[in-house]
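J.:
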Amino acid sequence: MLGLIEQTGGASLYQLNIILNGSKPVIWRRIVVPANMKLSRLHKVFQRVMPWTDSHLHQFVAGEKFYGVPDREYMDDLGPKTLNEIRYTLADIAPEPKSVFTYEYDFGDGWEHIVVVEKVLPPDSAFKQVVCLAGENACPPEDSGGIHGYFNLLNILADPKDEEHKSMKEWLGVEWDAKRFDLNKANADLKRIKA
430 MLGLIEQTGG ASLYQLNIIL NGSKPVIWRR IVVPANMKLS RLHKVFQRVM
480 PWTDSHLHQF VAGEKFYGVP DREYMDDLGP KTLNEIRYTL ADIAPEPKSV
530 FTYEYDFGDG WEHIVVVEKV LPPDSAFKQV VCLAGENACP PEDSGGIHGY
580 FNLLNILADP KDEEHKSMKE WLGVEWDAKR FDLNKANADL KRIKA
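Start counting the sequence shown at 430; every next residue gets the next number (my numbering).
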């Protein structure tokens with residue numbers, strides 16, 4: 430059934446604050462998800478709520494452990510072992526209030542999200558859908574070159590006399606507003622996550 434997140438089965442609910450590291454003004458989202466949500470699903474939630482396009486690799490980092498989609502053929506000798514995100518839950522990497530972990534997206538651009546467990550709420554049998562409570566500012570355009578490339582893009586867009594202004598507007602393809610965050614759209618997008 431589309432739109433429903435797995436029954437929480439008596440699991441606590443986590444209120445998370447997601448902050449795009451280095452963003453000024455701060456790009457952030459506040460969501461509520463079940464503590465027993467698999468990291469593979471949490472990835473999909475983060476992709477929808479920011480929103481990103483899920484076009485690049487990602488990983489969760491908690492302490493010195495990395496969780497994601499392991500690629501044994503290429504990655505075993507390149508660094509720390511990546512644990513399979515489908516085997517771990519949010520509660521596994523963030524066991525208590527004030528726990529902090531990182532969600533990294535697009536290793537080339539290096540979008541780093543700092544995630545804080547703001548509250549652990551009691552189980553609620555009526556809770557069946559992830560919800561976004563609040564947020565501010567638009568997610569940077571995909572492939573805009575990381576946080577520094579994003580700041581450069583903002584400067585170009587703000588200056589119609591810049592030689593790249595026209596080409597960057599064409600590259601974006603739409604009227605884009607860095608201050609826009611649509612809470613209703615974020616929640617509508619969350620409903621499309623398959624259960």
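All C-beta atoms in this analysis are idealised placements derived from N, C-alpha and C, irrespective of residue type, glycine included.
At what residue ranges does the stretch 448-533 contain a whole run of the alpha helix (DSSP H), taking only runs of 4 or more?
T.: Entirely contained in the stretch 448-533, the alpha helix (DSSP H) runs reaching 4 residues are, in chain order, 468-478, 501-504 and 519-522.
J.: Helix, strand or coil for residue 581 per DSSP?
T.: Helix.
J.: Which first and last residues belong to the beta strand (DSSP E) in which residue 540 is found?
T.: 540-550
J.: Between residue 556 and residue 442, how many whole angstroms is the CB-CB distance? I'm expecting something under 8 Å.
T.: About 6 Å separates the beta carbons of residue 556 and residue 442, which is inside the 8 Å limit, making them a contact pair.
J.: Does residue 473 pass the burial test, meaning 16 or more other C-beta atoms within 10 Å, or should it be called exposed?
T.: buried
J.: If you measure from the CB of residue 542, is any heavy atom of the ligand HEM nearer than 8 Å?
T.: Judged by which ligands are present, the structure shown has none, so any question about the ligand HEM falls away.
J.: Pull up the DSSP beta-bridge partners for residue 592, would you.
T.: For residue 592, which the question treats as bridged, DSSP gives no partner whatsoever.
J.: Based on Cα-Cα distance, which residue from 439, 535 and 518 lies nearest to residue 574?
T.: 535
J.: Using 9 Å as the threshold, is the C-beta distance between residue 445 and residue 569 below it?
T.: When the beta-carbon positions are compared, residue 445 and residue 569 stay at least 9 Å from each other.
J.: So, are the CB atoms of residue 563 and residue 480 less than 9 Å apart?
T.: When the beta-carbon positions are compared, residue 563 and residue 480 stay at least 9 Å from each other.
J.: Out of 559, 528, 538 and 560, point me to the one whose CA is closest to residue 545's CA.
T.: 528
J.: Using the C-alpha atoms, what's the distance from residue 452 back to residue 510?
T.: 29 Å
J.: May I ask you to report which of helix, strand or coil DSSP gives residue 537?
T.: coil
J.: Please list the terminal residues of the continuous alpha helix (DSSP H) segment that includes residue 555.
T.: Taken as a continuous stretch (DSSP letters only), residue 555 belongs to no alpha helix (DSSP H), as it is neither H nor E.
J.: Just the Cα atoms here: how many angstroms apart are residue 584 and residue 601?
T.: Distance between the alpha carbons of residue 584 and residue 601 is about 14 Å.
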